[in-house]
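Visitor:
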Amino acid sequence: MTDTLERKTPTREQLLDAYRTMRSIREFEERVHREFATGEIPGFVHLYAGEEASAAGVCLNLDERDTIASTHRGHGHCIAKGVNVGEMMAEIYGRRTGSCHGKGGSMHIADLSKGMLGANGIVGGGPPLICGTALAAKLKGTGGVSVAFFGDGGSNQGTTLESMNLACVWNLPAIFVAENNGYAESTASAWSVASDNIADRAAGFGMPGVIVDGFDFFATYEAASEAIARARQGGGPTLIEMKFTRYFGHFEGDQQTYRADEVEHARAELDCLERFAARVTETGELTRADLDAIDAEVGAEIDKAVDDAKAAPMPTEADLLTDVYVRY
Amino acid sequence: MGDAVVGVVANPLSGRDIRRLVTQASVFPTAEKASMIQRMLTAFQAVGVDRVLLSTDLGGISASVLRTIGQRRSQGIRLPEIEFLDGQPIRQNAQDTVDSVRRMVAAGARVVVCLGGDGTARVAATAIGDAAMLALSTGTNNVFPVVREATIAGLAAGLVATGAVQEQGATTRAKLLEARAGARAETALVDVAVSTERHVGARAVWDPATLTHVFCAFAESDAIGLSSILGQLAPVGRREPRGVFARIAAGAPRRVLAPIAPGLVAPVGVTHVEQMVPGAAYPIEARAGVIAVDGERELEFGPGDQPTVMLRTDGPRCVDVPAVLAASARLGLLDPDRGAQTPTL
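In order, the protein sequence lines correspond to chains A and B.
Residue 335, in our numbering, is where the first sequence stops; the numbers in between run on with no holes.
Residue 334, in our numbering, is where the second sequence stops; the numbers in between run on with no holes.
1) Could you confirm whether any beta carbon from chain B is found closer than 8 Å to the beta carbon of residue 219 (chain A)?
2) Who are the near neighbours of residue 55 (chain B) in its chain, counting only those whose CB is closer than 8 Å to its CB and skipping five residues on each side?
3) Report the partner residues of residue 71 (chain B) according to the DSSP bridge assignment.
4) Answer with buried or exposed for residue 266 (chain B), where buried requires no fewer than 16 other C-beta atoms within 10 angstroms of its C-beta.
5) On the three-state DSSP scale, how would you describe residue 184 (chain B)?
6) Counting only runs of 3+ residues fully inside the segment 24 to 110 of chain A, write out the beta strand (DSSP E) ranges in chain order.
7) Which residue comes first and which comes last in the beta strand (DSSP E) that contains residue 203 (chain B)?
8) Jot down the residue ranges of each uninterrupted alpha helix (DSSP H) in the segment 108 to 152 of chain A, minimum 4 residues, whole runs only, in chain order.
9) Name the residue from A:307, A:257 and A:319 whose alpha carbon lies nearest to the alpha carbon of residue 31 (chain A).
10) Which residues share a DSSP beta bridge with residue 249 (chain A)?
11) Evaluate residue 162 (chain A) with the Cβ neighbour count: other Cβ atoms within 10 Å of its Cβ, from every protein chain shown; 16 or more gives buried, anything less gives exposed.
12) In three-state DSSP terms, what is residue 313 (chain B)?
13) Any contact between the segment 67 to 74 of chain A and the segment 279 to 299 of chain A? By contact I mean 3 or more CB pairs, one from each, below 8 Å.
14) Just verifying my parser: in three-state terms, what is the DSSP assignment at residue 167 (chain B)?
15) Contact criterion: CB-CB distance below 8 Å. Does residue 226 (chain A) meet it with respect to chain B?
16) Closest to residue 134 (chain A) by C-alpha separation, out of A:98, A:174 and A:111, would be which residue?
17) Using the Cβ count rule (16 or more neighbours within 10 Å means buried), how would you classify residue 129 (chain A)?
18) By Cβ distance, which residues of its chain are closer than 6 Å to residue 299 (chain B), with the 5 residues on each side in sequence left out?
19) Given this structure, state the Cα-to-Cα distance separating residue 204 (chain B) from residue 137 (chain B), to the nearest angstrom.
20) What does residue 174 (chain B) reach in chain A if we use C-beta pairs closer than 7 Å?
21) Give the DSSP-derived three-state secondary structure of residue 180 (chain A) in the structure shown.
22) In whole angstroms, what is the alpha-carbon distance linking residue 341 (chain A) and residue 244 (chain B)?
23) Please confirm if residue 159 (chain A) has its CB atom under 8 Å from at least one CB of chain B.
24) Output, in chain order, the set of chain B residues within a Cβ distance shorter than 7 Å of residue 343 (chain A).
25) Within a Cβ cutoff of 7 Å, which residues of the same chain sit near residue 302 (chain A), ignoring the five residues on either side of it in sequence?
26) Decide yes or no for the touch test of the segment -4 to 6 of chain B against the segment 163 to 182 of chain B: beta carbon pairs closer than 8 Å, at least 3 of them.
27) Are the segment 136 to 153 of chain A and the segment 99 to 106 of chain A touching by the rule of at least three beta carbon pairs closer than 8 Å?
28) Given this structure, state the Cα-to-Cα distance separating residue 326 (chain B) from residue 58 (chain B), to the nearest angstrom.
29) Out of B:264, B:85, B:201 and B:109, point me to the one whose CA is closest to residue 277 (chain B)'s CA.
30) With a threshold of 16 other CB atoms inside 10 Å of the CB of residue 2 (chain B), please say whether the residue is buried or exposed.
31) Can you tell me which of the three DSSP states residue 314 (chain A) falls into?
32) Three-state secondary structure (DSSP) at residue 257 (chain A)?
33) Pull up the distance between the alpha-carbon of residue 260 (chain B) and that of residue 49 (chain B), whole angstroms please.
34) Helix or strand or just coil, what does DSSP make of residue 167 (chain A)?
35) Could you work out which residue in B:198, B:147, B:218 and B:213 is closest to residue 99 (chain B) when comparing CA atoms only?
36) Run through chain B and tell me which residues come within less than 7 Å of residue 210 (chain A), C-beta to C-beta.
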């Protein structure tokens, strides 16, 4: 008679986990922001600060059966899916101890053992990958779900639209998470997304599409929880659009002449960590001491990650000939 | 410049919440919202509205209207003077609706048309003062806003704004529910529900197992949403000077099948039903939870907040579309030989 799905309220352990994940991402990104300015980090970095509630709210609903595909702004997704932050930092510094032995860098951090298919320098590169892993999960009957994160820029790529079509045609356990931070590099999404709301496109493919306040962990968690439960039960794909603002530029060094006071406003009024802390201490679910302890642990962990990365060896010439092919 | 001014505020985010995922609610496309405004502009011109104030948004509605009015004017189609209320920060949240309605009222709008669902009408009502409101449905649960062709709504709004229809009954005063928890307060136009959930989260309420109370300013038997629970058990009309509330419990012997969201008809157990009189504060006996107004979780409360709900009779003044057009028929207001403007196409 009723098809109400079972509701999931985060437990105390899950709330601690959510806060630790979001704080780790924030601390990691703030630190990379400072370290990048010293010139020691090679290549480009695209920081996820401000968007933490998306990665945390989605990945807290995932387990070892599940896979995610990420973007060029991938540090947050990696941390939320359980990739080791020490190895991530070493990868960003281009060291042998990195997740990909220092040969990938920020935009190619991957850890298949954690179901993290990789950050991806190709905009719109993630969605086709999760159609593959979702099809595998469906055929093998593992109950696994695959999630592709992509941005508002990625939402306009043919690969993303083709993947949504394929996922719907094959009724795959695939979740498309559009992280709409308002800009594809410096191009406003209000100008470049024809349907204006990315979620509206879902109707054309015959899947549910919802818009969520991407600054609110409880909103992202709830939407992801429903979508993932639905996918696990064979209900097929969902498109979730997270709306928020990134706190830093498109890449480190971006002068951001294309936007006004939105970051200041978001940090003061909307910040996911501040809102989360205020809520859970008000309800008594967690105490300030719980959160302070996590802050201290995360701070020490990131300090160690940076120290270890700086001390780690660079890849050698001989490393160029390893890890070229993968044996399945 | 004449003083027959109408405002139109359109919520670019209405009709897109989690109910598309957890129920089978439909998506109301941006293009259709923009098209509804176009159709209203034609109607406003026909009945002699001088000036139209339009909200601006980042969702593409105002941009689409701006493009189209340029094309229509270049085709020789006459339209009222149109002003886009830009220049204010757009936050992509409910504050945008409040800011727009305030500016419209300050600029002399006699009628403000709101495109959205119950949530949009609720927010607009907080800012509308004594201007008349016409809420048109482009949302999910639409109890307060009417589902009506925009052209007809535009004619009615225009006839009120120009003063052509001033009869008793052209507008009616809606009721309000005022929910208080500690120092915070929210108003609702249709229903206030109390949920055992802890957080506002994705806002919508769709799981009856979490409900403990439902208060209704009105409860119609053909309603969708939480007021449908009482719409079947103890209906109350929009114009009756009373409300009704119920305590909800999953295992209660008295049950009703209620259409609480599009595509979701769920059994709801009710332990107590009582009429509400205006002006009395009804206490909510719960230590902690979330209060939902017009179907959206808004107020989180805990021990010490002593939440209450009060029925008020001083809600927004609303345009009664059938009454206005019936008056227009009696008075012959749409007779082109007696002043009504014939559109050029």
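Ideal Cβ positions, reconstructed from N, Cα and C, are used throughout, including at glycine.
This one's a predicted model, so the numbers in the text were calculated from it and none came from an experiment.
Guide: Quick look at the numbers:
1) In the first sequence, residue 219 (chain A) corresponds to position 212, counting from 1. Closer than 8 Å to some Cβ of chain B, the Cβ of residue 219 (chain A) qualifies, so yes.
2) On the second sequence, residue 55 (chain B) is found 66 positions in, with the first residue counted as 1. The residues are 73.
3) Walking along the second sequence from the start, residue 71 (chain B) turns up at place 82. Its beta-bridge partners are B:41.
4) Here residue 266 (chain B) refers to the residue found at position 277 when the second sequence is read from its first residue. With fewer than 16 Cβ atoms within 10 Å of its Cβ, residue 266 (chain B) is classed as exposed.
5) Along the second sequence, one-based indexing puts residue 184 (chain B) at 195. Note: residue 184 (chain B) maps to strand in three-state DSSP.
6) 74 to 76
7) Your numbering for residue 203 (chain B) matches position 214 in the second sequence. Here the beta strand (DSSP E) through residue 203 (chain B) covers 200 to 205.
8) Counting only runs of 4 or more residues that sit fully inside the segment 108 to 152 of chain A, the alpha helix (DSSP H) segments are 133 to 147, in chain order.
9) Mapped onto the first sequence, residue 31 (chain A) falls at position 24. Across the set A:307, A:257 and A:319, the C-alpha of A:307 shows the shortest separation from the C-alpha of residue 31 (chain A).
10) Residue mapping note: residue 249 (chain A) aligns to position 242 of the first sequence, counting from 1. Looking at the DSSP assignment, residue 249 (chain A) forms a beta bridge with A:186 and A:219.
11) Counting from one through the first sequence, the residue named residue 162 (chain A) turns up at place 155. Result: buried.
12) Numbered from its first residue, the second sequence carries residue 313 (chain B) at position 324. Shown here, residue 313 (chain B) sits in a helix according to DSSP, grouped into three states.
13) no
14) Translated into positions along the second sequence, residue 167 (chain B) becomes position 178. Annotated three-state conformation of residue 167 (chain B) is strand, per DSSP.
15) The count along the first sequence starts at 1 and reaches residue 226 (chain A) at position 219. It does; some Cβ of chain B falls within 8 Å.
16) The sequence position of residue 134 (chain A) within the first sequence is 127, counting from 1. The candidate whose alpha carbon is nearest that of residue 134 (chain A) is A:174.
17) Within the first sequence, numbered from 1, the residue matching residue 129 (chain A) stands at position 122. Counting other Cβ atoms within 10 Å of its Cβ, residue 129 (chain A) stays below 16 and is therefore classed as exposed.
18) Sequence index remark: in the second sequence, residue 299 (chain B) carries index 310 (1-based). Sequence-distant Cβ neighbours of residue 299 (chain B) in its own chain, meaning closer than 6 Å and more than five residues away, are 167 and 270.
19) As a position in the second sequence, residue 204 (chain B) is number 215, starting the count at 1. As a position in the second sequence, residue 137 (chain B) is number 148, starting the count at 1. Each residue's alpha carbon lies about 27 Å from the other.
20) Counting from 1 along the second sequence, the entry for residue 174 (chain B) is found at position 185. Residues of chain A passing the Cβ test: none, with the nearest at roughly 18 Å.
21) In the first sequence, counting from the first residue as 1, residue 180 (chain A) sits at position 173. Coil at residue 180 (chain A), not helix or strand.
22) Shown here, chain A extends from 8 to 335; a query on residue 341 (chain A) therefore has no answer.
23) On the first sequence, residue 159 (chain A) is found 152 positions in, with the first residue counted as 1. No, residue 159 (chain A) does not count as interfacial toward chain B.
24) Outside the displayed span of chain A (8 to 335) sits residue 343 (chain A), for which this structure offers no information.
25) As a working note, residue 302 (chain A) is residue 295 in the first sequence. Here the set comprises 30.
26) no
27) no
28) In the second sequence, the residue the question calls residue 326 (chain B) occupies position 337. In the second sequence, the residue the question calls residue 58 (chain B) occupies position 69. Approximately 27 Å, taken between the alpha carbons.
29) The residue labelled residue 277 (chain B) in the question sits at position 288 within the second sequence. Nearest C-alpha to residue 277 (chain B): B:201.
30) On the second sequence, position 13 is the one that residue 2 (chain B) refers to. Buried.
31) Counting from 1 along the first sequence, the entry for residue 314 (chain A) is found at position 307. In the three-state reduction of the DSSP assignment, residue 314 (chain A) falls in the helix class, which pools H, G and I.
32) Translated into positions along the first sequence, residue 257 (chain A) becomes position 250. DSSP places residue 257 (chain A) in coil when its eight states are reduced to three.
33) What you label residue 260 (chain B) is simply residue 271 of the second sequence in a count that begins at 1. What you label residue 49 (chain B) is simply residue 60 of the second sequence in a count that begins at 1. The alpha-carbon atoms of residue 260 (chain B) and residue 49 (chain B) are separated by roughly 46 Å.
34) Here residue 167 (chain A) refers to the residue found at position 160 of the first sequence. If DSSP states are grouped into helix, strand and coil, residue 167 (chain A) belongs with the helices.
35) Position 110 of the second sequence, counting from 1, holds the residue named residue 99 (chain B). For residue 99 (chain B), the nearest C-alpha among the options comes from B:147.
36) Translated into the one-based positions of the first sequence, residue 210 (chain A) becomes position 203. What residue 210 (chain A) touches in chain B: 16.
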